[in-house]
Amino acid sequence: MKLPLYEVFVRSKRGLDHRHVGSLHAEDGGQALKLARDCYTRRGEGVSIWVVRSGDIVASQEEDAASFFDPSDDKPYRHATFYRLPPEVKNL
Amino acid sequence: MTEYRLSDGELEAAFQQRVDEERKIEPKDWMPEAYRKNLIRQISQHAHSEVIGMQPEGNWITRAPTLKRKMILLAKVQDEAGHGLYLYGAAETLGVTREEMIQALHEGRAKYASIFNYPTLTWADVGVIGWLVDSAAIVNQISLQRTSYGPYSRAMIRICKEESFHQRQGFEMLMPLASGSPEQKAMAQDAMDRWWWPTLMMFGPHDSDSMHSAKSMQWKIKRRSNDELRQDFVDQTVPQAEYLDLAIPDPDLKWNEERGHYDFGEIDWDEFWAVVSGDGLCNRERLDRHGEAHREGEWVREAMRAYEEKRQST
Amino acid sequence: MTPSRALPEFVLALGDDSLVLGQRLSEWCGKAPFLEEDIAIANVALDYLGRAEKFYRYVSELEGGRRSVDEIAFLRDSRAYRNLLIFELPVGDFARTMARQFMVDAFHLPYLRRLSRSADARIGAIAAEAVKESRYHLKRSREWVLCLGGGTRESRGRIQRAFDALWGYGPEMFEMDRHEKALIESGVSVDRSALKAKWQASMTDLLAQAGLKVPDREWSIAGGRDGVHTEHHGYLLAEMQYMQRAYPGLAW
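See below:
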């Protein structure tokens, strides 16, 4: 199949994020969108669809994982659970 | 950005550790070449099976006996196309194109499930395929939801959700036959007689004879062995057949109290290997027809590319 | 023809149109040019089969349950089917299928829109559902005509030949039969002949846009509403009715 590959994202309900559901081949974005409707939402799975050319996705690399993600591991102060408050203090 | 490179040995150890810890492997992760090859082989074979599997059932869409059955069957065969699509997509994340996979199929380098080399002769065959063949597929696919490769696992989760409709519709379709007129009952029993053994063959050779099994298990591409899965299938299916009052064509089939499982007879492995190696009733026809549709579609795909190019340039 | 007799006849014809095209489109299953399109075209087929089922159910009720939906769908001979000829023609190649689809979609969308306001609430409700489907069908078939017309020499040749071959089956979509005429006054049916000029304009527009020629000689063939069909019709029925004919009276 020499037609370009598209990645399909479906929002299943208003208020939720678009989620990656798979891919398909199409000649352009418009056709990809229509085909995505037929291929990925036959059971009422969605209220909105995004399609993106797979080649346009820039992804982080496995070998960069350490430099990308480890630095955030030692910053527990970014998480609410880091802060211990007296039990009598409510609503925080 | 990368400051140092891990050796292949280190990478492989890290890879196996990730697999052992049940963390998924994702497309851009480092993976052993053999793992990639093995996955491409298995996923594309799986995709081809979905697509070739459209033929035997599709054979009855235009002849379905009622409007409701026609719609159900068309929706079902359409789902198989969808499953093929999900799986081709999963395989494409490994750097192989759909065109290459289809070419491998046409040249006989890639296989598909042998079960689809049997003909659908009567309407009851459609029901039996839905019930037996899809049940067998689900038994296998449920275990594959936990496969180590992320895109394959996600495709399987999606597929399993849809397959449960297939299996249920197959059984439900057989109910009026099994409780119907004598000729309907005979039609259902005849279908059972022809499809039972080929369905058991779907799980592949005995574990001891299986070529790809050991490595696939270590890498958690495959999660359970052929014989385990086959036993599961028999155990769950016998009571269903009893409910339909259809006889299973195996004189050795009986409950084994001690094992807590059904014992069953030996598969005709000569038939199995004959069909696998291309000499089933429909092997040639299935491939011919797929090739024909693919070739006939070429001018349309050409037109799409040409049209898109023209639009880009204006 | 009294309106009360005309109503089931009118609805039956709508059901026949849908069934016959749904049956034809379902022949593509497993044979489309690529997998995504295979799925898409099956969706269109399912839309038509679903429509047929709804229309026949209404007919069955209007007849007081004398015949079931499936008896209506499967147990008549060719002469008793009232579908327009364009729906029963063989699928041909992909260009032929899409040219037909564009011709019927461009008719269906405005037609169903009006029919959705039918004085008969049941017909109106079925049509209202169908409008949504046809709007999507038209988007698809329109794109395909543009693509095949603007694609390669071969695709342009094929889609042009398809329109040439189908052209004369278009006008029948705008001919009123006696049942529809009997139901016009009460607002149950829609005057289809009034839709013809717009349809022709949209054909001419799109064909021009796709770089195709509007067939220069006007011709028209009709007969479907009177049960005078093409020779293809009998084979379509033979296949579709096989089970009901071979095993009469059984439940499936």
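Residue numbers (the working numbering), protein chains in the order written: chain A, 1 to 92; chain B, 1001 to 1314; chain C, 2001 to 2252. By construction, the Cβ of each residue, glycine as well, lies at the ideal position given by its N, Cα and C atoms.
Exercise. If we cut at 8 Å on Cβ distances, does B/Arg1018 have a partner in chain A?
Worked result: Not an interface residue.
Exercise. Between B/Asp1268 and the rest of its own chain, which residues show a CB-CB distance below 7 Å, the 5 nearest in sequence each way excluded?
Worked result: Hits under 7 Å: Trp1197.
For this session: Could you check what DSSP says for C/Trp2252 in three-state terms: helix, strand or coil?
Result: When secondary structure is reduced to three states using DSSP, C/Trp2252 falls in the coil class, being assigned neither helix nor strand.
Problem set entry | Three-way DSSP call (helix, strand, coil) for B/Arg1295 in this model | Helix, per DSSP.
Exercise. Any Cβ of chain A within less than 8 Å of the Cβ of B/Arg1284?
Worked result: Chain A, which has no Cβ nearer than 8 Å to the Cβ of B/Arg1284, makes this no.
For this session: Can you grab the Cα-Cα spacing for the pair B/Met1001 / A/Phe69, in whole Å?
Result: Low per-residue confidence applies at B/Met1001: pLDDT is 49, beneath 50, and the placement is therefore not dependable, though the value from the model is reported in the following sentence. Distance between the alpha carbons of B/Met1001 and A/Phe69: 13 Å.
For this session: Express the C-alpha separation of C/Gly2050 and C/Arg2057 in angstroms, rounding to a whole number.
Result: One C-alpha to the other measures close to 11 Å.
Exercise. What in chain C is Cβ-close to A/Leu33, meaning under 8 Å?
Worked result: Listed along the chain, the chain C residues whose CB falls inside 8 Å of the CB of A/Leu33 amount to none; the nearest CB is some 10 Å away.
Exercise. According to DSSP, is B/Met1001 helix, strand or coil?
Worked result: Confidence at B/Met1001 is low in this model, with a pLDDT of 49, below 50, so its placement is unreliable and the value that follows should be read with caution. The three-state secondary structure of B/Met1001, taken from DSSP, is coil.
For this session: From the DSSP output, read off the bridge partner residues of A/Glu7.
Result: Beta-bridge pairing links A/Glu7 to A/Ser23 and A/Val52.
Problem set entry | 8 Å Cβ cutoff met for B/Gly1280 and B/Asn1117 | Yes, these two residues count as a Cβ contact at 8 Å.
Exercise. Among the residues of its own chain, which have a CB less than 6 Å from the CB of B/Lys1070, if the five just before and after it don't count?
Worked result: The beta carbon of B/Lys1070 lies closer than 6 Å to those of Ala1064 in the same chain, with the five residues before and after it left out.
Exercise. Going by Cα to Cα distance, which pick from A/Ser54, A/Arg14, A/Val58 and A/Glu7 is closest to A/Glu45?
Worked result: For the options A/Ser54, A/Arg14, A/Val58 and A/Glu7, the alpha carbon positioned closest to that of A/Glu45 is the one of A/Arg14.
Exercise. Since B/Lys1254 is in the alpha helix (DSSP H), which residue starts that stretch and which ends it?
Worked result: Run containing B/Lys1254: none in the alpha helix (DSSP H); it sits in the beta strand (DSSP E), Lys1254 to Asn1256.
Problem set entry | Closest Cα partner of B/Ala1091 within the set B/Asn1038, B/Ile1129 and B/Glu1107 | The residue from B/Asn1038, B/Ile1129 and B/Glu1107 with its alpha-carbon nearest to that of B/Ala1091 is B/Asn1038.
For this session: Could you tell me which chain C residues have their CB closer than 7 Å to the CB of B/Met1071, listed as they occur along the chain?
Result: Residues of chain C whose Cβ lies closer than 7 Å to the Cβ of B/Met1071 are, in chain order, Leu2046, Leu2049 and Gly2050.
Exercise. Grouping DSSP H, G and I as helix and E and B as strand, with all else coil, what is B/Ile1025?
Worked result: Note: B/Ile1025 maps to strand in three-state DSSP.
For this session: List the residues of chain B that C/Thr2152 touches, going by C-beta distances under 9 Å, in chain order.
Result: What C/Thr2152 touches in chain B: Trp1299, Glu1302, Ala1303, Arg1305, Ala1306 and Tyr1307.
Exercise. Are the Cβ atoms of A/Val10 and A/Ile57 separated by less than 8 Å?
Worked result: In this structure, A/Ile57 does not lie closer than 8 Å to A/Val10 by Cβ.
Exercise. CB B/Asp1209 to CB B/Ser1225, shorter than 8 Å?
Worked result: Against a cut-off of 8 Å, the Cβ pair of B/Ser1225 and B/Asp1209 comes out as no contact.
Exercise. Which residue comes first and which comes last in the beta strand (DSSP E) that contains B/His1261?
Worked result: Here the beta strand (DSSP E) through B/His1261 covers His1261 to Asp1263.
Exercise. Which chain C residues sit within Cβ distance under 8 Å of B/Leu1085?
Worked result: Correct list: Leu2035, Glu2036 and Ile2039.
Exercise. Name the chain C residues that come within less than 7 Å of B/Ala1081, Cβ to Cβ?
Worked result: What B/Ala1081 touches in chain C: Leu2035, Asp2038 and Ile2039.
For this session: Grab the span of the alpha helix (DSSP H) containing B/Lys1222 for me, first residue to last.
Result: No alpha helix (DSSP H) holds B/Lys1222; DSSP gives it neither H nor E.
Problem set entry | Range of the contiguous alpha helix (DSSP H) that encloses B/His1106 | Where B/His1106 is concerned, the enclosing alpha helix (DSSP H) stretches over Arg1098 to His1106.
For this session: Check whether the Cβ of C/Leu2212 lies closer than 8 Å to any Cβ atom in chain B.
Result: So no, C/Leu2212 is outside the interface.
For this session: Identify, in the order they occur along the chain, each residue of the same chain with its Cβ nearer than 6 Å to the Cβ of A/Ser60, setting aside the five sequence neighbours on each side.
Result: Excluding residues within five positions, the ones whose Cβ falls inside 6 Å are Phe68.
For this session: Take B/Pro1260 and list the residues in its own chain whose beta-carbon comes closer than 8 Å to its own, dropping the five residues that flank it on each side.
Result: The residue asked about is misnamed: residue 1260 of chain B is Gly in this sequence, not Pro. Within the same chain, B/Gly1260 has no close Cβ partners at all.
Exercise. Residue ranges of each alpha helix (DSSP H) run of no fewer than 4 residues wholly in the segment 1004-1066 of chain B, ordered along the chain?
Worked result: The qualifying runs are 1008-1020, 1033-1052 and 1054-1058.
Exercise. Roughly how many whole angstroms lie between the Cα atoms of B/Lys1111 and C/Asp2093?
Worked result: Going from the Cα of B/Lys1111 to the Cα of C/Asp2093 covers about 29 Å.
For this session: Take A/Glu7 and list the residues in its own chain whose beta-carbon comes closer than 6 Å to its own, dropping the five residues that flank it on each side.
Result: Only Ser23, Val52 and Ser54 meet the Cβ criterion.
For this session: Let me know if C/Asp2233 comes out buried or exposed under the rule of 16 or more other beta-carbons within 10 Å of its beta-carbon.
Result: What sits at residue 2233 of chain C in the sequence shown is His, not Asp. C/His2233 should be labelled buried.
For this session: Let me know if B/Thr1093 comes out buried or exposed under the rule of 16 or more other beta-carbons within 10 Å of its beta-carbon.
Result: Buried, by the Cβ-count rule.
Exercise. When the cut-off is 8 Å and only beta carbons count, does A/Leu24 lie next to chain B?
Worked result: Taking Cβ atoms only, chain B reaches closer than 8 Å to A/Leu24, which makes this a yes.
Exercise. Which chain A residues are close to C/Arg2140, counting only those with a beta carbon under 8 Å from its beta carbon?
Worked result: Within 8 Å Cβ-Cβ: Lys34.
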